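Residue numbers (my numbering), protein chains in the order written: chain A, 13 to 348; chain B, 19 to 471. We put the beta carbon where it would ideally sit given N, CA and C, even for glycine. On a predicted model such as this, the values are computed, not experimentally measured, just so you know. For reference, the structure discussed in these notes is given below.
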Amino acid sequence: MTQKDPKLLIQPGPQLRQQMTTPAVMRDVWYALAPTTLAGIWFFGIGALLLLITCIATAVLTEWYFSPEDERRYFLGDGSAILTGLLLGLTLPPALPLWMAVVGSAVAIGVGKTIWGGVGSNLFNPALVGRAFLLATFPIAMTTWTAPGDFFTMPSSIFALPLMTGVVDTVTQASPLGLMKFEYTDTGFVELLFGNTSGSLGETSGLLLILGGLYLWWRRDLDWRIPVGILATAMAFSLALYMMDSGRYPGPIFTALSGGMLLGAIFMATDPVTSPLTPKGIWIFAVGIGFLVVLIRVFGGFPEGMMYAILLMNAATPLIDRYTQPRVFGRGLDTK
Amino acid sequence: MNLLQQIKDSLSRNIGSFDHGVHPRHHKGQTEKLAIQRLPFGKRFVIPLGQHIGAPAKPIVQLGDAVKRGQMIAEPGGFVSVALHSPVTGRVTVIGSERYADGTFQDAIVIEADQYDPQQMDVNPIDWEALSMEDFIGEVQKAGIVGMGGAAFPCHVKYAIPDGSSIRYLLINGAECEPYLTNDHRQMMEHTEALLYGAEIVRQKLGAEEVVIGVEKNKPEAIVALQNAIKPGQPVRVAPLEVKYPQGAEKMLIKSVFNVEVPAGKLPRDVGVAVNNVGTIIAIAEYFQTGKPLIERVVTVSGPGVTYPANLIVPLGTSIREVLDYAGGLKDETRQVVLGGPMMGASIADLDAPMLKGSSGVLALTVHETERPQEYNCIRCGRCVEACPYFLNPARFARLAKARMYEEMAETYNVMDCVECGCCTYSCPSGIPIVQHIRTAKDHLRSMKGKVQ
Chain A
13 MTQKDPKLLI
23 QPGPQLRQQM
33 TTPAVMRDVW
43 YALAPTTLAG
53 IWFFGIGALL
63 LLITCIATAV
73 LTEWYFSPED
83 ERRYFLGDGS
93 AILTGLLLGL
103 TLPPALPLWM
113 AVVGSAVAIG
123 VGKTIWGGVG
133 SNLFNPALVG
143 RAFLLATFPI
153 AMTTWTAPGD
163 FFTMPSSIFA
173 LPLMTGVVDT
183 VTQASPLGLM
193 KFEYTDTGFV
203 ELLFGNTSGS
213 LGETSGLLLI
223 LGGLYLWWRR
233 DLDWRIPVGI
243 LATAMAFSLA
253 LYMMDSGRYP
263 GPIFTALSGG
273 MLLGAIFMAT
283 DPVTSPLTPK
293 GIWIFAVGIG
303 FLVVLIRVFG
313 GFPEGMMYAI
323 LLMNAATPLI
333 DRYTQPRVFG
343 RGLDTK
Chain B
19 MNLLQQIKDS
29 LSRNIGSFDH
39 GVHPRHHKGQ
49 TEKLAIQRLP
59 FGKRFVIPLG
69 QHIGAPAKPI
79 VQLGDAVKRG
89 QMIAEPGGFV
99 SVALHSPVTG
109 RVTVIGSERY
119 ADGTFQDAIV
129 IEADQYDPQQ
139 MDVNPIDWEA
149 LSMEDFIGEV
159 QKAGIVGMGG
169 AAFPCHVKYA
179 IPDGSSIRYL
189 LINGAECEPY
199 LTNDHRQMME
209 HTEALLYGAE
219 IVRQKLGAEE
229 VVIGVEKNKP
239 EAIVALQNAI
249 KPGQPVRVAP
259 LEVKYPQGAE
269 KMLIKSVFNV
279 EVPAGKLPRD
289 VGVAVNNVGT
299 IIAIAEYFQT
309 GKPLIERVVT
319 VSGPGVTYPA
329 NLIVPLGTSI
339 REVLDYAGGL
349 KDETRQVVLG
359 GPMMGASIAD
369 LDAPMLKGSS
379 GVLALTVHET
389 ERPQEYNCIR
399 CGRCVEACPY
409 FLNPARFARL
419 AKARMYEEMA
429 ETYNVMDCVE
439 CGCCTYSCPS
449 GIPIVQHIRT
459 AKDHLRSMKG
469 KVQ
């Protein structure tokens, strides 16, 4: 032997891998949400910042608590808990008492994700599970919308003691969707686009949400078919209604820009874990959400339907996947 | 037949690609400009008897026999089997167990080269035009020719066309979609005449109308060299293909060139196409021109761990160590040596194992390429589904395989159609070795099938 051989590593192929990793995908989503988050804090003040921090911290702690001791590094390392906390925070009303946010965030991770077996196994979008739980448990606090106000003024309600609701002392204002539903009042789409309206923390600025979506699409982390499918269906459906009675039903642009539509379509419905895998399935999923949103908004009891629309289609995802398997190469050809 | 009609319809169409697949960086710059060199003869040559699917060859020499370069030393062990020949003039020193690339021991014939022999071979052209189809197939088998792309499937088996089917196209695979490898690229440029001569032999023998040479567009010099060498009126054309892995997979290539899908469980010949690798066709040309059987092949020695990357003519049976030593040896940071391409090639355990007929490359990889990402849970991102050229559902496979639900993988999701190209593992951001799970499942299913029968 002329030289000492290096210790040769034996591992199965392929030896090459693309560079993207799951934690990097999660980080991309944080970056994409950054403008929206900052805008939410800008509009709703320090209270909003506190609310987001609470949600994220609770999500991470819950994940830590429920993950196996020797694998915590990986459970927390993929960054998905932070994302769930952030997404939940962005769907909450800015003046929500912090203790409620803690409950919601713990439910999001605990019930929304961990009991299913952790990341990748959950059927429903965890952040939306948390939100649905809060809406069912604290319906009043979850639908009390404050108007964007002074940056340093914190609504005192956020410091309400656990199990207390607290008094909302800032100016409350119906959200654009509430105005539409109960008073048939339209909100101009310039306001909707730039976000100076009342609503959940992260729902107000359509423009920044679209920007985030474009970033994710450019990074190939986002399946464009989902937001496009949802928006196209919802707009087409609402256009049909609008043409029937324009005084009663909102127009397609209002439908697309108001409420959680963009946040949901770009950041919630596109959660890969809870959306179908197959190309055909993705279209069915997106069209289903778009249709259900408008149905709930217009004919249901709530002004907003995005959350339930997504959760309903989440539930249908395994079924959709099962029946939309693509044709395998070389099979099902009409020969002989 | 419907499929033949389809081919006819798409005769003038060259879609240039199949659907799905991945785009790894091709890393061919290290060797694509380097002319093929000849590796000097070593001392000891190990010729394993089973280098391909099918029956191993049967030795026809005795211990201590003197053999000449190109002399047959083992005859085919069945129809799906080919002959073996001595790569050098020398003496048989061992017939028995020898190291194989995967770390196991396999029966082999060992030949010590005669250090004073000039290693010249007599030129004995074979009149292929006079051969009957049956004799032609016999000659190809006798020449020991197998698919040189890596799978090493005995070549003559492809030429045994059952009654009732016919071959319309001879498709020559010059896609070379594996990163790093440039041996086909260089052969298309340097052995253009032999390639076209071999193509003409096979085309005439199969009764095919046309020869199509599929080449990925990242080899423009090869495309130009071929186009310049094709004489007007010669029934040969070059089909430039999109640079995409696995463009060189047989059925993907047929889809790319003819826009025809070979049905699952069928062979290319069922749609009237015969597919051969560039190296295979050149080996056939050399055999009929000079009588030289398959005793050497062109190998790309490359990768960041190799000191002087090269394209080499390597006598078969040379140890991997000698090939690497000629290329300046391994750099210290080498962590892994791969035989073949980096996507489908195998890591080797032992540098003293011999080069085989199917060894298209020797790659030395460093930490940078071999470090595996931390495995995370599948987030169902669908990148593997979008990558799979067979339109299978790798994410589902990985999940089912982890639960050992192998039967469902076969019955509901057609796991046996998988060709293990590795696109799924390549594309997975969660670092899940999907194709390895699939291999496990397929092995399990095959062994279960064996038990039932």
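Checklist entry - On the three-pair Cβ rule with 8 Å, is the segment 79 to 91 of chain B touching the segment 101 to 110 of chain B? => result yes
Checklist entry - What is the DSSP secondary structure of residue 276 (chain B), counted as helix, strand or coil? => result helix
Checklist entry - Between which two residues does the beta strand (DSSP E) carrying residue 9 (chain B) extend? => result For chain B, the structure presents residues 19 to 471; residue 9 (chain B) sits outside this window and is missing.
Next on the checklist: Please classify residue 235 (chain B) as buried or exposed, where buried requires at least 16 other C-beta atoms within 10 Å of its C-beta.
Outcome noted: exposed
Checklist entry - Among residues of its own chain, excluding the 5 on either side of residue 298 (chain B), which ones have a beta-carbon nearer than 7 Å to its beta-carbon? => result Non-local beta-carbon contacts of residue 298 (chain B) in its own chain, meaning distances under 7 Å to residues more than five positions away in sequence, involve 163, 165, 166, 173 in chain order.
Next on the checklist: For residue 427 (chain B), would you say it is in contact with chain A, using Cβ-to-Cβ distances shorter than 8 Å as the test?
Outcome noted: no
Item to check | Reduced DSSP secondary structure (H/G/I, E/B, other) of residue 336 (chain A) | outcome: coil
Checklist entry - Rounded to a whole number of angstroms, what is the C-alpha to C-alpha distance between residue 302 (chain B) and residue 355 (chain B)? => result 30 Å
Item to check | Helix, strand or coil at residue 103 (chain B) according to DSSP, with G and I counted as helix | outcome: strand
Checklist entry - Got a sec, what are the start and stop residues for the beta strand (DSSP E) residue 383 (chain B) sits in? => result 379 to 384
Checklist entry - Can you give the Cα-Cα distance for residue 120 (chain A) and residue 189 (chain B), rounded to whole angstroms? => result 57 Å
Checklist entry - Are any of the Cβ atoms in chain A nearer than 8 Å to that of residue 454 (chain B)? => result yes
Item to check | chain B contacts made by the segment 78 to 92 of chain A, where a contact means CB separation under 7 Å | outcome: 86, 90
Item to check | At least three beta-carbon pairs within less than 8 Å, the segment 263 to 276 of chain A to the segment 284 to 297 of chain A | outcome: no
Next on the checklist: With a threshold of 8 Å on Cβ separation, who are the neighbours of residue 211 (chain B) within its own chain once the five nearest residues in sequence on each side are excluded?
Outcome noted: 247
Checklist entry - To the nearest angstrom, how far is it from the Cα of residue 411 (chain B) to the Cα of residue 337 (chain A)? => result 8 Å
Checklist entry - Taking the Cβ atom as the reference point for each residue, do residue 129 (chain A) and residue 142 (chain A) lie within a distance shorter than 8 Å? => result Not closer than 8 Å, so no.
Next on the checklist: Run through chain B and tell me which residues come within less than 7 Å of residue 29 (chain A), C-beta to C-beta.
Outcome noted: Ordered by position in chain B, the residues that pass the 7 Å Cβ test against residue 29 (chain A) are 391, 444.
Checklist entry - Over what stretch of residues does the alpha helix (DSSP H) that includes residue 297 (chain B) continue unbroken? => result It spans 296 to 308 - the alpha helix (DSSP H) in which residue 297 (chain B) sits, taken as one unbroken run.
Checklist entry - So what does DSSP say about residue 249 (chain A), is it helix, strand or coil? => result helix
Next on the checklist: Could you tell me the alpha carbon to alpha carbon distance between residue 150 (chain A) and residue 436 (chain B), rounded to whole angstroms?
Outcome noted: 51 Å
Checklist entry - Is the distance from the Cβ of residue 134 (chain B) to the Cβ of residue 66 (chain B) below 8 Å? => result no
Next on the checklist: Contact between the segment 425 to 440 of chain B and the segment 389 to 403 of chain B is defined here as three or more beta-carbon pairs at a separation below 8 Å; is this criterion met?
Outcome noted: The answer is no - the segment 389 to 403 of chain B does not touch the segment 425 to 440 of chain B, with fewer than three Cβ pairs under 8 Å.
Item to check | Runs of alpha helix (DSSP H) lying entirely within the segment 274 to 316 of chain A, each at least 4 residues, in chain order | outcome: 291 to 311
Next on the checklist: DSSP three-state label for residue 142 (chain A), please.
Outcome noted: helix
Checklist entry - Since residue 37 (chain A) meets chain B, which of its residues come closer than 8 Å, beta carbon to beta carbon? => result 397, 399, 447
Checklist entry - Do the CB positions of residue 97 (chain A) and residue 72 (chain A) come within less than 8 Å of each other? => result Cβ distance < 8 Å, so residue 97 (chain A) and residue 72 (chain A) count as in contact.
Checklist entry - Along chain A, which residues have their Cβ under 8 Å away from the Cβ of residue 362 (chain B)? => result 25, 26
Checklist entry - Taking Cβ-Cβ distances below 7 Å as the criterion, which residues of the segment 310 to 338 of chain A are in contact with chain B? => result 337, 338
Checklist entry - With burial defined as no fewer than 16 other Cβ atoms inside 10 Å of the residue's Cβ, what is the status of residue 164 (chain A): buried or exposed? => result Residue environment for residue 164 (chain A): exposed (fewer than 16 other C-beta atoms within 10 angstroms of its C-beta).
Next on the checklist: Is it buried or exposed, residue 334 (chain A), if we count other Cβ atoms within 10 angstroms and call 16 or more buried?
Outcome noted: Exposed, since its Cβ has fewer than 16 Cβ neighbours within 10 Å.
Checklist entry - Thinking C-alpha only, which one of B:349, B:42, B:353 is nearest residue 20 (chain A)? => result Closest by alpha carbon: B:353.
Item to check | Interface partners of residue 366 (chain B) on chain E, CB under 9 Å | outcome: Structure shown: chain E not included; protein chains present are A and B.
Checklist entry - Across which residues does DSSP place residue 114 (chain B) in a beta bridge pair? => result B:126
Next on the checklist: I need the DSSP call for residue 55 (chain B), collapsed to helix, strand or coil.
Outcome noted: strand
Checklist entry - What number of angstroms, rounded off, separates the C-alpha of residue 348 (chain A) from the C-alpha of residue 409 (chain B)? => result The pLDDT assigned to residue 348 (chain A) is 44, lower than 50, so where the model puts this residue is not dependable, and the model offers no usable value.
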